[in-house]
Amino acid sequence: MNWLVEIFTDTNSVAHVVLLYSLVISVGVLLGKLKVGGISLGVTFVLFAGILAGHIGFTGPIQVLTFLQEFGLVLFVFMIGMQVGPGFFESFGASGIKMNGLAALIILLNILVMFGCYFLFFDTGNSHSLPMLVGTLYGAVTNTPGLGAANEALSNVFGDDVPQIASGYACAYPLGVLGIIGATIAIRYFCRIKLQEEEERLRQDDAANTATKPYRLRLKVTNAALEGKTMLQVHNFLNRDFVCSRMLQNGHVVIPNRDTVFHLGDILNIVCAETDQEAIVAFMGPETDIDWEEQDMPMVSKRIVVTNPSVNGKTLGNMHFSNVHGVNVTRVTRHGIDLFASPSLPLQVGDRIMVVGPEDAVNRVTSLMGNSVRRLNNPNIATIFIGIILGVIFGSLPFAIPGMPVPLRLGIAGGPLIVAILVGRYGYKIHLVTYTTTSANMMLREIGLVLFLASVGIKAGAGFWNTLVQGDGLLYVLSGFLITVIPILIVGAVARRRFNFNYFTIMGMIAGAYTDPPALAYANASCSKDAPAVGYSTVYPLTMFLRIFTAQILVLFFCAA
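In structure tokens, the structure reads:
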């Protein structure tokens, strides 16, 4: 049985390290699924399993722990950037600017409350007090990438004497999860909000906001002014966005293009925005009934998946679907959202396009687009690691700032995040196939996260109990609770009373500002609409970037002073 004992005790063996991580991760993930009051800590419980392992002396070589910690962080942060990149810049719409501004205010208030706790509760002469509070800050806001960024920046400042800020993170995290949900509920009572009335507001808003909903029309041209006019002339004169997928003209079905000429009596199949349908009917002619399948030229509609890398980045106008291929593209579905088939819209691998035309022409376009769902299931490993190379290089660039003891570097958290956002948004322009299935992205992200959490927990485990019981552990718990709750109460009241946001939108915005999935799950369970998810996704990209970036700033500007 000596061989079994050696696996658990020989810290220099590969088998021991594999066993250590496998046990810590599996135990942490399983325990993280347990719910108390409908709330679970999720995969973050891996950190606590690692702390327990480190506390009892079940550990590994420090070099190996550090490598797996940093590699896991890079993988985790990069896959987050790839996920949020396509919608990062689009999140700054009309209401998006307000919500992102409020989320940024929450981040600022979190930092200000942290400094308030530092001066009120802690010995400002202790060089490790502020770094530990930085760890507490990121536990209070349940943001693991920020912890990683701060931890990495601290290693550049303190060298081998790095404060184990994961202890502060672990002290604050459990109450952070509960505090986010509790403070969100408190806003409801402070502002005297009734959930039924908020649901009714959402229903009325959905009824009023029909501009982006596609609407199908079958029209008969009766306006004499359209006789002899081309499709392009009619489109420009009407100044409405519509797509004519087929036309019945002189008893024959044709696929119209920009040069197709209108005649009285033509019957058109049109897709437009719901709010534009009345104007189009009034301008062209009344709606009519027609069975397109009974016409002399049977047409088919087919949803095609873009999987051909050579198509990536080309616009619909450049593809010349109607003129060259004899088909029309009526809409494009990307990330579950239907988009108008504008000529300037660039196609991306993973898009689903609705194509209408003769069956043989549609089949040719199907071959051109790829339409291989099987190909999409293969993650683009080359793009991921090319991006990581660029991210690590970018994160290592030194930016000298007067008054700072060390140059500012974005590090292996900030650099890969920024590069991943840019690659996810603009990678198609340099023919990088950035599409990754949701499941593949989630798998790589979770692997990186559990490697990071397990490593941090194991390294921090030896001193965690002393920090919690004999040191300032209870002050870290109290500070974390204040950091969590105070900004939510302030910003939640501002969002409601100043901007009159719907309560469910506020719930999603707060969950996104704290990057907290349990809070989002609670908000979704409270609402029958998708308002919480919209609020969460609107602020999540910018919040994630700011959490990681401010972690670097806090360490380099204040902890290094």
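Position 145 (the sequence shown) corresponds to 144 in numbering that gives the first Met the number 0; numbering is contiguous. All C-beta atoms in this analysis are idealised placements derived from N, C-alpha and C, irrespective of residue type, glycine included. Please read all numbers here as calculations on a predicted model, not as lab measurements.
What's the C-alpha gap between residue i and residue j?
| i | j | result |
| --- | --- | --- |
| F114 | L488 | 18 Å |
| T229 | H319 | 17 Å |
| G41 | S25 | 12 Å |
| P74 | I303 | Rather than Pro, the amino acid found at residue 74 in this sequence is Leu. Roughly 32 Å between the two C-alpha positions. |
| M81 | S395 | 20 Å |
| A510 | A185 | 15 Å |
| I380 | L452 | 23 Å |
| P486 | I79 | 25 Å |
| Y513 | G71 | 21 Å |
| L29 | Y172 | 18 Å |
| V252 | E273 | 25 Å |
| F544 | G386 | 17 Å |
| G349 | R333 | 7 Å |
| Y188 | G49 | 39 Å |
| G459 | V140 | In the sequence under discussion, the amino acid at residue 459 is Ala, which differs from the Gly named in the question. Answer to the nearest angstrom: the Cα atoms are 20 Å apart. |
| H444 | L225 | At residue 444 the sequence reads Arg, which differs from the His that was named. Going from the Cα of R444 to the Cα of L225 covers about 56 Å. |
| F393 | L416 | 10 Å |
| C170 | A148 | 18 Å |
| A494 | F500 | 6 Å |
| L477 | N155 | 29 Å |
| K34 | G369 | 44 Å |
| C243 | A152 | 57 Å |
| R496 | K528 | 22 Å |
| L448 | S21 | 14 Å |
| A399 | Y434 | 36 Å |
| I446 | E358 | 45 Å |
| V455 | V13 | 19 Å |
| E197 | G95 | 20 Å |
| D288 | N249 | 17 Å |
Leaving out five residues before and five after residue i in sequence, what residues of the same chain have Cβ atoms less than 6 Å from its Cβ?
| i | result |
| --- | --- |
| G178 | F480, T483, V484 |
| V490 | L101, L104, I105 |
| T504 | A530, G534 |
| Y137 | G145, L146, Y168 |
| I180 | A518, Y521 |
| F121 | S128 |
| A210 | Per-residue confidence for A210 stands at a pLDDT of 45, beneath the threshold of 50, marking its modelled position as unreliable; no derived number is given. |
| V259 | In the sequence as displayed, the identity of residue 259 is Thr instead of Val. Taken in chain order, the residues that qualify are M230. |
Residue i bridges to which residues according to DSSP?
| i | result |
| --- | --- |
| Q248 | H251 |
| G507 | Partner(s): none; G507 has no beta bridge. |
| M353 | R302, R330 |
| P345 | T314 |
| V562 | Since the displayed the chain opens at 0 and closes at 560, residue 562 lies outside it and no answer follows. |
| K219 | I266 |
Check residue i in the structure and name its three-state DSSP category.
| i | result |
| --- | --- |
| V112 | helix |
| I289 | coil |
| G369 | strand |
| V260 | strand |
| F66 | helix |
| F556 | helix |
| F118 | helix |
| F57 | coil |
| Q551 | helix |
| K97 | helix |
| D515 | coil |
| A340 | coil |
| N307 | coil |
| H319 | coil |
Kindly indicate the opening and closing residues of the alpha helix (DSSP H) around residue i.
| i | result |
| --- | --- |
| P130 | 128-139 |
| H234 | 230-237 |
| F189 | 165-189 |
| R495 | 472-496 |
| Y434 | Per DSSP, Y434 belongs to no alpha helix (DSSP H) and is neither H nor E. |
| G386 | 380-395 |
| V23 | 13-31 |
| L225 | Counting along the chain, L225 falls outside any alpha helix (DSSP H), and DSSP gives it neither H nor E. |
| V45 | 44-54 |
Within a Cβ cutoff of 8 Å, which residues of the same chain sit near residue i, ignoring the five residues on either side of it in sequence?
| i | result |
| --- | --- |
| V563 | For residue 563 there is no data in the structure shown, the boundaries of the chain being 0 and 560. |
| Q276 | Y214, L216 |
| L344 | T314, L315, V331, L338 |
Looking only at its chain, what residues have a beta carbon closer than 7 Å to the beta carbon of residue i, apart from the 5 residues adjacent to it on each side?
| i | result |
| --- | --- |
| V361 | V299, K301, V326, V354 |
| A522 | F503, M506, G507, A510, P531 |
| M98 | M508, G534, T537, V538 |
| R200 | N501 |
Any heavy atom of the ligand MN closer than 7 Å to the CB of residue i?
| i | result |
| --- | --- |
| I164 | As far as ligands go, the structure on display features none, and thus does not contain the ligand MN. |
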